[in-house]
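Numbering (the numbering used here), first residue to last: 0 to 475. These notes concern the structure reproduced below.
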Amino acid sequence: MAQGRKEALSVQALQFADAALVYLAFVISASVREDLLRTLIKWGIWPGGGNPVEVGLTDLIPLLVVIVPLTPVALGAFGFYRHPLRKRIRDSLSQMFKSLIIVGVVVGALVVFLKLGDTPRLTLGVAVPIAVCLVLAREGMVRSFVLHSVRAEDAKEAVIYVGSKEAITEFETSLSAEVLGQYKVVAHYHPTESSPDNFSRVLKDESVARAIFAPKQTEFGELAELIEICELQGVEAWISAGFLQAQVARPDFDSMGGNPMLVLRSTPELSWALWIKTMVDVVLSAVVLAISLVLIWWWVALAIKISSPKGPVFFRQKRAGRHGKPFMMWKFRTMHPGAESQLDAVKESQGNEMSGPVFKLEKDPRVFRFGSFLRRTSIDELPQILNVLRGEMSLVGPRPLPTYEVEQFAKSEHRRRLSVKPGITCLWQVEGRNKITNFDEWVRLDLEYIDNWSLGLDLKILLRTIPVVLLRRGSR
């Protein structure tokens with residue numbers, strides 16, 4: 000419970016540290032560039048002819064705003080922060096190389112599309128190896144510190160187990176050797192076999208830092224006094240909630256109106272990572288909208304009016320958002336006017352290629368010719384950028400379904416896909432899209448995304464979506 004939260008906070012702290020080191024690398028690189036240029040000019044061997052363009056660190060701010068936060072996110076996406084004690088140096092270098100490719104592609108795209116001007120390649124070129132060395136040095140220092148802490152027996156927290164032998168044994172078997180190695184068990188205490196006074200004495204004599212309770216459902220009343228003793232002595236009281244047997248939800252602790260609450264949460268907890276996800280949604284959507292509005296939207300609108308002049312350019316439909324809250328989703332229109340009223344007739348005559356409540360048909364007779372092209376290229380989804388900017392959708396998330404299809408969900412777990420904000424792309428799109436004809440498999444991919452969500456996973460899905468769209472894999 001709290002252990003998982005501590006691990007997540009540790010990773011976030013390392014990512015913040017690496018972001019600071021990347022920025023430091025650019026500071027050093029900019030300084031080195033200036034000194035090197037002065038030396039080359041002084042010796043008369045500057046190859047560019049004339050004086051070089053003065054580019055300071057402030058001129059790199061547009062790139063630094065992207066590079067500094069993106070680098071640790073990319074590192075996390077490739078597992079750089081996982082299993083630090085078991086990694087080899089070549090594993091770290093491989094993960095860093097892959098991350099640099101991603102960051103380089105993004106920076107290159109920004110330079111081209113946003114026309115950032117003359118980017119000092121020397122500064123970038125020098126900053127990369129400096130950043131690699133700094134981050135590797137940081138990783139080595141953290142690894143050495145952790146190994147030293149784990150190996151030092153005196154540095155381990157003194158822990159007392161509270162509960163029956165059977166409950167304690169069951170609890171210990173659920174822990175890995177790595178977790179068990181972080182603590183020193185100094186005593187076992189069974190509430191029915193001893194008195195609270197003895198419990199208090201053990202806490203004092205053994206300098207206990209943490210009491211771990213593994214109670215049965217019938218023992219909570221007996222534990223109240225022991226927990227109060229821990230509280231008075233400043234000892235952490237950890238209560239095993241294994242009796243709840245949650246299959247997916249992650250337990251957490253919170254308070255409501257001053258009342259302590261055990262929370263079982265199956266969706267990502269509100270954190271800085273979700274805040275960054277929202278900021279990325281807004282920034283990328285604004286950039287895509289600005290670029291595509293002139294290059295794509297007007298031409299698509301013109302082609303739609305030529306192909307199907309009687310209907311509007313845009314199609315709006317009520318879709319189920321987070322927790323099922325309805326919103327109007329935008330698309331470029333791909334069907335003839337009145338297509339929704341013909342749905343039942345099409346189902347009866349053509350059937351349904353998707354199991355469950357969702358309707359999918361490869362050759363839907365309601366789609367006009369240019370609309371078919373829009374669907375194959377996924378251009379019809381482009382107006383959903385407006386829904387993202389309105390906060391109704393995200394760039395990455397389970398696809399929003401029409402409200403009438405959501406009402407037909409037969410299984411409770413199907414509704415869990417509504418526990419997060421819907422998105423334009425998700426695992427379903429990159430793993431098979433319309434080639435997947437089983438709705439349960441679709442839901443499985445959505446829940447896999449929800450249960451394993453991270454900024455790195457979002458980045459992977461966005462990058463994998465590009466070739467899927469360009470090569471029209473699984474599109475209809």
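Note that the Cβ used here is the ideal one computed from N, Cα and C, for glycine as well. Being a predicted model, the structure only gives us computed values, none of them experimental.
Beta-carbon gap between residue i and residue j smaller than 7 Å
| i | j | result |
| --- | --- | --- |
| Leu202 | Phe212 | no |
| Ser418 | Asp280 | no |
| Ala18 | Val67 | yes |
| Met95 | Val131 | yes |
| Leu342 | Gln349 | no |
| Leu92 | Leu20 | no |
| Ala24 | Ala126 | yes |
| Ala157 | Ser206 | yes |
| Ala186 | Ile159 | yes |
| Leu458 | Ala76 | yes |
| Ser399 | Ala319 | It is worth fixing the name first, because residue 399 is Pro in this sequence and not Ser. For Pro399 and Ala319, yes; Cβs fall inside 7 Å. |
| Glu412 | Val357 | no |
| Gly422 | Gly396 | yes |
| Val72 | Leu454 | yes |
| Ile435 | Trp441 | yes |
| Pro336 | Lys304 | no |
| Val31 | Leu69 | no |
| Pro250 | Glu224 | no |
Nearest residue (CA-CA) to residue i, options the options
| i | options | result |
| --- | --- | --- |
| Arg389 | Ala285, Leu231 and Gly396 | Ala285 |
| Pro190 | Ser199, Leu135 and Arg368 | Ser199 |
| Gly524 | Pro68, Lys97, Pro61 and Val65 | With the chain covering 0 to 475 only, the question about residue 524 has no answer from this structure. |
| Ser371 | Glu205, Tyr448, Ile295 and Thr333 | Thr333 |
| Ile27 | Leu69, Arg89 and Leu123 | Leu123 |
| Leu283 | Val31, Val105, Val262 and Phe408 | Val105 |
| Ile88 | Gly139, Leu62 and Lys276 | Gly139 |
| Arg374 | Trp452, Lys164, Val299 and Ser354 | Val299 |
| Ile378 | Glu339, Val312 and Ala409 | Val312 |
| Arg315 | Gln383, Ser175, Ile226 and Glu227 | Gln383 |
| Ile465 | Gln428, Asn437, Leu444 and Leu456 | Gln428 |
| Phe367 | Lys346, Leu69, Ala302 and Asn351 | Ala302 |
| Lys164 | Gly180, Glu192, Gln181 and Leu179 | Glu192 |
| Ile228 | Lys183, Pro128 and Val161 | Val161 |
| Arg416 | Asn351, Gly323, Ser354 and Phe369 | Gly323 |
Residue i: first and last residue of the uninterrupted alpha helix (DSSP H) it sits in
| i | result |
| --- | --- |
| Leu62 | Ile60 to Ala76 |
| Val357 | No alpha helix (DSSP H) contains Val357, which DSSP labels as neither H nor E. |
| Leu394 | Note, Leu394: premise wrong, no alpha helix (DSSP H); beta strand (DSSP E) at Ser393 to Val395. |
| Val501 | Nothing about residue 501 can be reported from this structure: the residues present for the chain run from 0 to 475 only. |
| Ile435 | That residue, Ile435, is in no alpha helix (DSSP H); it is neither H nor E in DSSP. |
| Ile167 | Lys164 to Thr172 |
| Ile423 | Segment Gly422 to Thr424 is the beta strand (DSSP E) holding Ile423; no alpha helix (DSSP H) there. |
| Leu470 | Where Leu470 is concerned, there is no enclosing alpha helix (DSSP H), given that its DSSP letter is neither H nor E. |
| Trp298 | Trp297 to Ser306 |
Per-residue DSSP class, three states only, for residue i
| i | result |
| --- | --- |
| Val366 | strand |
| Val286 | helix |
| Val127 | helix |
| Ser93 | helix |
| Arg416 | helix |
| Leu456 | helix |
| Ser9 | helix |
| Ile465 | helix |
| Lys338 | The question names Lys, but residue 338 in the sequence shown is Ala. Coil. |
| Phe408 | coil |
| Ile384 | helix |
| Thr217 | The predicted model places Thr217 with a pLDDT of 49, which falls under 50 and marks its position as unreliable, so this point remains unresolved. |
| Arg81 | coil |
| Arg332 | coil |
| Ala208 | coil |
| Glu156 | strand |
| Thr191 | coil |
| Arg398 | coil |
| Arg374 | helix |
| Arg264 | strand |
Element boundaries [beta strand (DSSP E), containing residue i]
| i | result |
| --- | --- |
| Glu352 | No beta strand (DSSP E) holds Glu352; DSSP gives it neither H nor E. |
| Ile238 | Glu235 to Ile238 |
| Tyr182 | Tyr182 to Tyr188 |
| Ala319 | Phe313 to Ala319 |
beta-carbon residue i near the ligand MN non-hydrogen atom, thresh 6 Å
| i | result |
| --- | --- |
| Gly180 | Summarising the ligand content, the structure contains no ligands, and the ligand MN is consequently not present. |
Residue-chain proximity (residue i, chain D), Cβ-Cβ < 7 Å
| i | result |
| --- | --- |
| Tyr160 | In the structure shown, chain D cannot be found, because there is only a single protein chain. |
Cβ distance (whole Å) where residue i is taken to contact residue j below 8 Å
| i | j | result |
| --- | --- | --- |
| Leu385 | Ser291 | Leu385 to Ser291, Cβ: 11 Å. No contact. |
| Phe170 | Ser239 | 5 Å |
| Val387 | Arg365 | Val387 to Arg365, Cβ: 27 Å. No contact. |
| Lys420 | Arg321 | 5 Å |
| Val234 | Ala208 | 7 Å |
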